[in-house]
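Scroll down for the structure; my scribbles are underneath it.
Residue numbers (my numbering): 593 to 745.
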């Protein structure tokens, strides 16, 4: 998802207005710095105090901008989002980044659904009320009864 968010200022440069474009560009720039640091963690012990402070500010900036950039993503990009089960539950929870967009989800594809505990699968479905098309790939087809029961809610 971060790759999509980083591309927003390039994809929609002509459609985004001043402050919004600036926020998208700032998000992209600080996210790139943060990712570069994460890839070179062994260098962390050699960072100067100024570099450490810059990384802390970059991480804070990404956190402060994420809600705004996600809003722009849903308005302009209309994404096909792919997330792991735990990420989906975190992102759709009370404080999650998708909390304002739960009605936007129309499709849930659950790969290897037999590996997802029933309460977790039910939680996924209950958090996305407009998701009416559900594709579950089961390794054990007897578990289709669960999917059918939940889908008819």
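Virtual Cβ for every residue (Gly too), placed ideally from N, Cα, C. Quantities reported herein were computed from a predicted structural model and do not represent experimental measurements.
In three-state DSSP terms, what is residue i?
i	result
residue 664	helix
residue 631	helix
residue 687	coil
residue 647	helix
residue 642	helix
residue 607	coil
residue 595	helix
residue 707	helix
residue 618	helix
If you follow the beta strand (DSSP E) that residue i is part of, which residue opens it and which one closes it?
i	result
residue 701	699–702
For the alpha helix (DSSP H) containing residue i, list its first residue and its last residue.
i	result
residue 694	Careful: residue 694 lies outside any alpha helix (DSSP H) and carries neither H nor E.
residue 715	710–719
Pull up the CB-CB distance for residue i and residue j, whole angstroms please, since I reckon it's below 8 Å.
i	j	result
residue 597	residue 661	5 Å
residue 666	residue 693	5 Å
How do the stretch 623–643 and the stretch 672–684 stand: do at least 3 beta-carbon pairs fall below 8 Å, yes or no? no
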